[in-house]
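Beneath this line is the structure, given in structure tokens, with notes to follow.
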Amino acid sequence: MASPKPRVCYWFRTDLRLHDSPALAAALNLKPEALFPLWCWDPNVNACCSLGLESGVNRAFLQYVYKHRVGVHRFRFLLESMTVLSDQISAIQPNSKLLVVRGEPVELLPILWKKWGISHLVFEKDPSAYGRRRDAIVLKAAKLANVTIVSVQGHHLYDPELVTLKNKGKPTMTITSLQNIVKKMGNVPKPVASPKELPLPLLKGSTKTERKDIFLELSNALRGTPIFSGNCLEGDTAVDLNSASLGGERHLPVTCYETVDGGDALFSVPTLESLGMSEDKEAKIKGGEVIALKRLATLCDDSKYIATFSKPKSSPAQWVDKPSTTLLSPYLKFGCLSIRKMWWDVEEAKQRYIGAKTEPPENLNGQLLFRDMYACAEYAIGDAFGKVRGNEICRYMDWNLPTVYDESGVEIVPRPPGDSVSESRLKAFKDGQTGFPWIDAQMRQLKQEGWMHHLGRHSVAAFLTRGQCWISWERGAEIFDEYLIDWDPCSNPGNWMWLSCSAFYAQYFKLYGLVSFPQKYDKTGALVRKYCPELAKYPDAYIYEPHKAPANVQKQAGCIIGTDYPYPILDEKNSKDENMARMKACYEAKFYGNSKEVLDGTANALIQQLHGLKGAPKEYVFPGSQKSGSASGSGKKESKTLDGWLKRKANSDEDGGRKK
DNA sequence: AGAAGGTTGTTCAA
DNA sequence: TTGAACAACCTTCT
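This is the structure:
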């Protein structure tokens, strides 16, 4: 007896493209009689599917949701990418498009399978810890529903699962070790052809031919499907999980979950307004496969640029309008651009160039290998990769503002405030108000554009953690998570651990200067002038340290430090010297995220015996500054500092007592 | 066990 | 422009 023809649901998550999609090719190889291109818009985290995150299947998972922050730029980029994808589908098959359903994947998919008569669910493998956990649940549901799941690697050069297997389950901690492993796995697979045609998303036995009728029929089949009740604004999860971190950016009512299929606009892509945010017309980095491919092609036309690219030499002092790097990371993140296509197009352009060429790890494809390295390390470590606690590769430091856990090891969300000096430094960092123009310009660009050059990320990450502020890298990673379009669950924590010398990198005596480093690339401070316009008229000599400018220079530049631009929040050199000693102590202590002393809360006391520093950092008052009228809020009263210190001390005593 | 290497520091002297 | 001192970390390879 011949088996019935497959009816395939293709679930888009990490792969918003049609070109070089091995998973989509696998779906079409099934020769399905119907193909449903699906996107599940998750109510708990909104963008969670694409972000490789867990949906709110139960309360334990919601813990993760609380921690997740998505700013307006990433939402916008995602919606644009979905719209372009839908248009690309319609360009091949005018009577099909991206079918966006609003609801929990785990709840909605079984309903769709049944009502649309689906036999196969096909998707690109999501190797992140959360993706794996979500897909394991979907797999169970599929077994019950007798639906076959086909999952195909496509988000990385090599399958992190296979690399980890070859590495005996260990995380890849250096780029050379990754290179040695993948050398034995053969070449990066060549891109597969884009589909020329797509089957229609027709119900069983349907005779519909008109576009609108087809979608109406699909919608009618879903009639009576309960609207997902877990809207983040209701019930006992009554925290607007994203809005809380949007810094007031959300000011419209969230309406995107009022229907399962988008109502009259059948299966439409949600609008930014329906997420409670307003349209951003100034946005420079636009989503979608079409722009991604065009950008890659333009870059590859310049074979000299491709063949001689060297990351350490690319300038972090050039900004998003004319970056020294490719600006392709947002497209790789959402799968608008296939990483294998990029790899081979870059190789081809490199072949074309005559002359001295760069090689991995410094060259472009070397950068792609780093992305794989972090993905493989995350695969081996699992959930703990994105945090300190429980993370076996993450060296433990007695950071200020650590993530706080209750007695049973559950994260307390939202995080209780830490010492007031560190809290105000963290806020100044996030807002680009530290009084260090190089840091402030980078951070303001991040917030404004959703992007920062890789070496700029290095500068600000080192500054916030081991360099100056001694604030936990988890706080910095959260800010990046909120603002970066290209935020990735592997690369971002990985790089924060790198820069804070928690993992992957250990030469803590090498540190970026807040003046020397940017001066290497640009003595005129163009990036500062662009993103800190109040400093635009400062002479080059003071552009990276305006607080050193004499009063008459400040006056002439029309920007008085302490009034129009903040005093530095700390002394760069003093904090650097102190923190190097702290790093030495932490390295001596040899605690990791999974050490007993970390889990039982005794690690800090032991480390502090080694470096001799106790309590919260002292408020820094810029020498000669007036106590009043400070823009950065420096110049707080001494008693307040002492207050914070006492409070922290009381807290830590209590913690110690409780945990022993 | 010891040496070499590690994508991407700074400062100063020659 | 190049190289050494700074103070000395880690992982990987032999």
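Sequential numbering of the first sequence, starting at 262, is according to the numbering used here.
All C-beta atoms, glycine included, are put in the ideal place defined by N, C-alpha and C.
Since this is a predicted model, take the numbers as computed values, not measurements.
- Around the beta-carbon of A558, fewer than 16 other beta-carbon atoms lie within 10 Å, marking it exposed.
- Per DSSP, the continuous beta strand (DSSP E) segment holding L382 begins and ends at H381 to E385.
- Secondary structure of V607 (DSSP, three-state): helix.
- Inclusion of P807 and I830 in the CB contact set at 8 Å is not warranted, their separation being larger than that value.
- When secondary structure is reduced to three states using DSSP, I822 falls in the strand class.
- Runs of alpha helix (DSSP H) with 4 or more residues, each lying fully within the region 722–807, are found at 734–744, 752–760, 777–782 and 787–792, listed in chain order.
- The alpha carbon of G696 has as its nearest neighbour, out of Q579, S886, W374 and F852, the alpha carbon of S886.
- For K784, same chain residues with a beta-carbon under 7 Å away, outside a window of 5 residues either side, are D801 in chain order.
- In terms of Cβ geometry, I475 and L463 form a close pair [threshold 8 Å].
- In this structure, DSSP gives W374 a helical state, which the three-state scheme calls helix.
- R363 is bridged by DSSP to W302.
- Of the other Cβ atoms in all chains shown, 16 or more fall within 10 Å of the Cβ of I350; this residue is therefore buried.
- As DSSP reads the structure, E458 sits in no beta bridge.
- L346 and L796 have their C-alpha atoms roughly 42 Å apart.
- When T532, P293 and K431 are compared, the shortest CA-CA separation from M634 is found for K431.
- If you keep only unbroken alpha helix (DSSP H) runs of at least 4 residues inside the region 575–662, you get 590–594, 600–613 and 625–642.
- Between the region 354–373 and the region 523–534 there are three or more inter-stretch CB-CB distances shorter than 8 Å, so the stretches are counted as touching.
- For the pair of segments examined, the region 618–627 was found not to touch the region 734–741: the number of CB pairs separated by less than 8 Å stays below three.
- Following the DSSP letters along the chain, one finds Y848 inside the alpha helix (DSSP H) bounded by residues E833 to A850.
- The C-alpha of A850 lies about 25 Å from the C-alpha of H719.
- Inclusion of Y271 and V383 in the CB contact set at 8 Å is warranted, their separation being smaller than that value.
- Between T726 and L772, the C-beta spacing is not below 8 Å.
- Listed as beta-bridge partners of W272 by DSSP are L299 and F384.
- Within the region 398–426, the runs of beta strand (DSSP E) that reach at least 3 residues and sit entirely inside it are, in chain order, 409–413.
- Within the same chain, Cβ atoms closer than 8 Å to the Cβ of D606 are found at L557, A558 and C561, the five residues on either side in sequence being excluded.
- A residue is called buried when at least 16 other Cβ atoms come within 10 angstroms of its Cβ; E639 meets this threshold and is buried.
- Excluding residues up to 5 positions away in sequence, S576 and A578 lie with their Cβ nearer than 6 Å to the Cβ of Y782 in the same chain.
- With fewer than 16 neighbouring CB atoms inside 10 Å of its own CB, K542 falls in the exposed class.
- With a 10 Å radius around the Cβ and a threshold of 16 neighbouring Cβ atoms, D276 comes out buried.
- Fewer than three beta-carbon pairs drawn from the region 329–340 and the region 280–292 are found closer than 8 Å, and the two stretches are therefore not classed as touching.
- In the DSSP assignment, P283 falls within the unbroken alpha helix (DSSP H) covering P283 to N290.
- For the pair Q440 and E880, the Cα-to-Cα distance works out to about 46 Å.
- Here DSSP, grouped into helix, strand and coil, assigns E471 to coil.
- With a 10 Å radius around the Cβ and a threshold of 16 neighbouring Cβ atoms, V671 comes out exposed.
- Scanning its chain for C-beta atoms nearer than 6 Å, with the 5 sequence neighbours on each side dropped, one finds around S342 the residues L277, G548, G549, F595 and C597, in chain order.
- In the same chain as V408, and ignoring 5 residues on each side of it, the C-beta atoms closer than 7 Å to its own belong to W374, I379, S380, H381 and L382, in chain order.
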